[in-house]
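Here the structure is laid out as structure tokens; the discussion comes afterwards.
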Amino acid sequence: MLGLWSALTLTGALYASWLGYGGRGFAATLTAFAFFFLVILLFAARGVSDWLAARFGAGSGYMLGVAVFLVYLIYALGTNSFAFARVGAVAGLVFVPLVLAASAERRPPGSWQDFLILAGIWACVKFSPSHWLWPYPGGRLAYVFTVLLCVNVALASFVLLRKVNGIGYSIGWGRHWGFFVVASLLVFSCIAIPLGTGMHFIQFSPQWGQWKSLPLLSLGILFFTAWPEEFLFRGLLQNMLARASNSEFTGWWNASILFGLSHITNMGFPNWKYVILASIAGFFYGWTWRKTGSIFASALVHAGVDVLWHFLFRTV
């Protein structure tokens, strides 16, 4: 994980330098990105979260929350974007979920605090004024930084404080995973392409001239879209809905429908075509997660769908 983190962070830093970024603002932004991304990848290494929980107990969750907040201060001061309103908003985004998680510490996963934290994290990613929170450089990294912040908060709340089991937050490979990933992607494509075309939602329009950007775009989609959404909707939401209802099937279908409904504001409200296709996609992502027990496998399917959509189709 450290090697992967180093390679990806260095590549991003070199690319940004090539584009002309530099100075204190760039250094502060790179520091914040490197820390947030490091946490996301390190927790995906086997045994890291267990080691932290065993060594520091519930305090490890608070330590991560404090570290996240301090890193935001480094970003704000380094980019000359410090404002008490911004700092207060980020403090709320970081510490309110931790307080809620602490209040449910002795309850089994699936308490009302858990679902309230999940709803808050989703609302933060979807509706928060991210360009106001992350103004440098020109708001171009605002969404990525909001996602990274929210994943860090979710890790502190659910992995360290609540110690929710069965999330599958790890990057690895298991037996028959290739079959589940490929089968899920192919069967969904056979359903979604005719359905999406018939609903006049998508149209075949390959972007052959953009294929040179495939490697970097695929990595970006995997780590900043597919991975966070699979962590939230499969590793946490589907997981806890199944526990709360005592039914894997109920948790799977409800999480899939909620995943579809979370896209209702995409490209205009209410976008029911998007909801239908996203719900169907959620069924396959959830199936992959159930079969493999890993959000990495479902994230690969998720990323594959998004990449193929980006390069082969356009939204009508």
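Position one of the sequence shown corresponds to residue 992 (the numbering used here), numbered consecutively onward. For each residue, glycine too, the CB sits at the ideal point set by N, CA and C.
Residue range of the unbroken beta strand (DSSP E) whose run includes residue i
i: PHE1304; result: 1304-1306
i: PHE1222; result: Note, PHE1222: premise wrong, no beta strand (DSSP E); not H, not E.
i: PHE1195; result: 1193-1195
CB-CB length for residue i against residue j, believed under 8 Å
i: ALA1183; j: LEU1268; result: 6 Å
i: VAL1307; j: GLN1194; result: 5 Å
i: VAL1138; j: PHE1215; result: 5 Å
i: ALA1246; j: PHE1222; result: Not quite, the Cβ-Cβ distance comes to about 12 Å (not below 8 Å), so this is no contact.
i: LEU1227; j: PHE1149; result: 6 Å
i: LEU1152; j: ALA1049; result: 6 Å
i: ALA1235; j: LYS1154; result: About 17 Å; that fails the 8 Å criterion.
i: LEU1358; j: PRO1197; result: Past the boundaries of the shown model lies residue 1358; the chain is included only from 992 to 1307, so the question cannot be answered.
i: THR1279; j: SER1175; result: 5 Å
Residue range of the unbroken alpha helix (DSSP H) whose run includes residue i
i: GLN1104; result: 1103-1118
i: ILE1158; result: Per DSSP, ILE1158 belongs to no alpha helix (DSSP H) and is neither H nor E.
i: LYS1264; result: 1263-1283
i: ARG1209; result: Residue identity differs from the one stated: residue 1209 is Ser in this sequence, not Arg. That run of the alpha helix (DSSP H) goes 1205-1212.
i: SER1236; result: 1230-1236
i: THR1241; result: 1239-1252
i: SER1180; result: 1168-1189
i: ASN1143; result: 1133-1145
i: PHE1215; result: Segment: none, PHE1215 is in no alpha helix (DSSP H) and carries neither H nor E.
i: PHE1086; result: 1075-1094
i: LEU1124; result: 1121-1124
beta-carbon residue i near the ligand ZN non-hydrogen atom, thresh 7 Å
i: ILE1108; result: With respect to the ligand ZN, the structure shown offers nothing to examine, as it has no ligands at all.
**Item:** Residue ranges of each alpha helix (DSSP H) within the region 1000-1065, 4 or longer
**Value:** Segments of the alpha helix (DSSP H) lying fully in the region 1000-1065: 1014-1033 and 1039-1047.
**Asked** Between the region 1130-1148 and the region 1086-1096, are three or more C-beta pairs nearer than 8 Å?
**Response** The answer is yes - the region 1086-1096 touches the region 1130-1148, with three or more Cβ pairs under 8 Å.
**Prompt:** Are the region 1282-1292 and the region 1150-1162 in contact at 8 Å, needing three or more beta carbon pairs?
**Reply:** Under the Cβ criterion (8 Å, minimum of three pairs), the region 1282-1292 counts as touching the region 1150-1162.
**Asked** Do the region 1123-1130 and the region 1006-1025 meet, that is, are 3 or more Cβ pairs less than 8 Å apart?
**Response** With a cut-off of 8 Å, the region 1006-1025 and the region 1123-1130 count as touching, because enough Cβ pairs lie within range.
**Message:** Assess contact between the region 992-1006 and the region 1105-1116, defined as three or more Cβ pairs (one per stretch) separated by less than 8 Å. Is contact present?
**Reply:** With contact defined as three or more Cβ pairs closer than 8 Å, the region 992-1006 and the region 1105-1116 are not in contact.
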